[in-house]
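What the sequence shown shows, in the numbering used here, is residues 26 to 253, in sequence order.
Yeah, the Cβ is synthetic: ideal placement off N, Cα and C, and Gly gets one too.
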Amino acid sequence: SFSVEYKSDRSEVTEADREAERQLSDRLLAARPDHSLFGEEHGVTGNESSPWQWIVDPIDGTSGFTRGIPIWATLIALHHADDGLCVSVVSAPALGRRWWATKGGGTWADGRKCTVSGIDNIADAQVNVTLNDGWRELGHAEALIDLTMSARRSRGVGDFWQHCLVAEGAMDVAIDAVGVQPYDLAAVRLIVEEAGGSFTNHLGEPSHAGPTAMSSNGVLHSQVLERL
């Protein structure tokens with residue numbers, strides 16, 4: 026068992042989150058002492074002036090993790106100040122799944138190359154929308170509800186998995202909750218993009234900075250943005 030604490034934004038954090046990040050930080054910075062690391066639990070460590078930065082979420086999906094829901098993963102991405110995202114890994118041990126991508130090298134899942142779907146109409150699409158109060162505050166909650174009603178199927182997977190499913194071609198659109206941060210997004214952004222998809226904020230700007238994020242097979246991206 027482990028204790029659960031709550032941050033100022035009411036999101037959960039456990040000793041498992043902190044210890045996993047500490048071990049990742051120790052190993053990555055031992056192997057690359059000239060790099061920095063930005064983690065959800067401990068902020069920036071290492072060489073802060075380095076152009077190379079590892080972006081880490083030790084347990085993405087902590088809320089579900091604490092309730093026994095198996096949709097959680099460790100997210101790791103490497104970013105260069107000039108070249109952008111270079112490498113990413115998403116490891117979901119409770120699901121027995123792992124995704125990885127390299128810039129220019131494509132996206133892979135469990136040894137199989139991933140490619141986004143070719144669905145070109147919302148009416149035929151599987152969409153995943155994670156609604157929260159932030160979308161209401163931005164004035165887009167009703168539009169997102171309409172989007173789910175217009176789609177062939179709507180799902181509520183959430184967290185990293187929705188974006189990995191887009192990369193695999195199983196999901197066509199995934200829209201995250203408002204409030205997501207770089208450590209939630211960097212790894213999945215490269216995985217989606219290297220599979221041929223699009224990954225932007227709700228304004229259509231390619232970004233993993235947050236606080237909004239949406240991924241798609243690329244073909245549907247403009248259709249979704251037009252609805253917001």
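- prompt: What separation, rounded to the nearest whole angstrom, lies between the Cα atoms of Trp186 and Ile96?
  reply: Trp186 and Ile96: Cα-Cα distance of roughly 7 Å.
query: If you draw a straight line from the alpha carbon of Asp74 to that of Ile170, how long is it in whole angstroms?
result: Contrary to the premise, residue 74 reads as Ser rather than Asp in this sequence. Each residue's Cα considered, the two are about 43 Å apart.
field: beta strand (DSSP E) segments (min. 3 residues) lying fully within the region 139-209
entry: Entirely contained in the region 139-209, the beta strand (DSSP E) runs reaching 3 residues are, in chain order, 151-154, 178-180, 198-200.
- prompt: Leu215: buried (16+ other C-beta within 10 angstroms of its C-beta) or exposed?
  reply: Classification for Leu215: buried.
query: Any idea which residues DSSP pairs His246 with across the strands?
result: For His246, DSSP assigns no beta-bridge partner whatsoever.
field: Endpoints, the beta strand (DSSP E) within which Gly64 is located
entry: Per DSSP, Gly64 belongs to the beta strand (DSSP E) from 61-64.
message: Just to confirm, is the Cβ distance from Ala150 to Asp201 under 8 Å?
response: No, these two residues do not count as a Cβ contact at 8 Å.
query: Which stretch, first to last residue, makes up the alpha helix (DSSP H) that contains His43?
result: It should be noted that the sequence gives Arg, not His, for residue 43. Run containing Arg43: 40-56, per the alpha helix (DSSP H) assignment.
field: Three-way DSSP call (helix, strand, coil) for Arg92 in this model
entry: Here DSSP, grouped into helix, strand and coil, assigns Arg92 to coil.
query: For Ala192 versus Gly159, is the C-beta spacing smaller than 8 Å?
result: Contact: no.
query: From Ser116 to Glu218, what distance separates their C-alpha atoms?
result: Ser116 and Glu218 have their C-alpha atoms spaced approximately 18 Å apart.
message: Excluding the 5 residues flanking Asn153 on each side, which residues of the same chain have their C-beta closer than 6 Å to its C-beta?
response: For Asn153, where only same-chain residues beyond five positions count, the Cβ hits under 6 Å are Arg180, Val182, Gln187, Met196, Ala199.
query: Ordered along the chain, which non-local residues of its own chain (more than five positions away) have a Cβ less than 7 Å from that of Thr140?
result: The answer, listed in chain order, is Gly194, Ala220, Gly221.
query: Under the rule that 16 or more other beta-carbon atoms within 10 Å means buried, what is Ile94, buried or exposed?
result: It counts as exposed.
task: Report, in whole angstroms, the separation of the C-beta atoms of Ala45 and Ala212, which I expect to be a contact under 8 Å.
output: Between Ala45 and Ala212, the beta carbon gap of about 14 Å keeps them out of contact (Cβ cut-off 8 Å).
field: Identified DSSP bridge partners for Ser241
entry: Bridge partners of Ser241 according to DSSP: Val198, Ser223.
task: Find the nearest neighbour of Asn242 within the set Leu210, Asn146, Glu167, judged by alpha-carbon distance.
output: When each option's Cα is compared against that of Asn242, the closest is Asn146.
- prompt: Does DSSP put Ala119 in a helix, a strand or coil?
  reply: Coil at Ala119, not helix or strand.
query: Applying the criterion that 16 or more other CB atoms from any shown protein chain within 10 Å of the CB defines a buried residue, is Glu251 buried or exposed?
result: An exposed status is given to Glu251, since fewer than 16 other beta-carbon atoms sit within 10 Å of its beta-carbon.
query: In angstroms, rounded to a whole number, what distance separates the CA positions of Ala98 and Val203?
result: Distance between the alpha carbons of Ala98 and Val203: 19 Å.
field: Which listed residue (Ala148, Trp133, Gly129) has its alpha carbon closest to that of Arg122
entry: Cα-wise, what sits closest to Arg122 is Trp133.
- request: Taking Ser113 as the reference, give the member of Gly131, Ala119, Ala106 with the closest Cα.
  value: Of Gly131, Ala119, Ala106, the residue nearest in Cα terms is Gly131.
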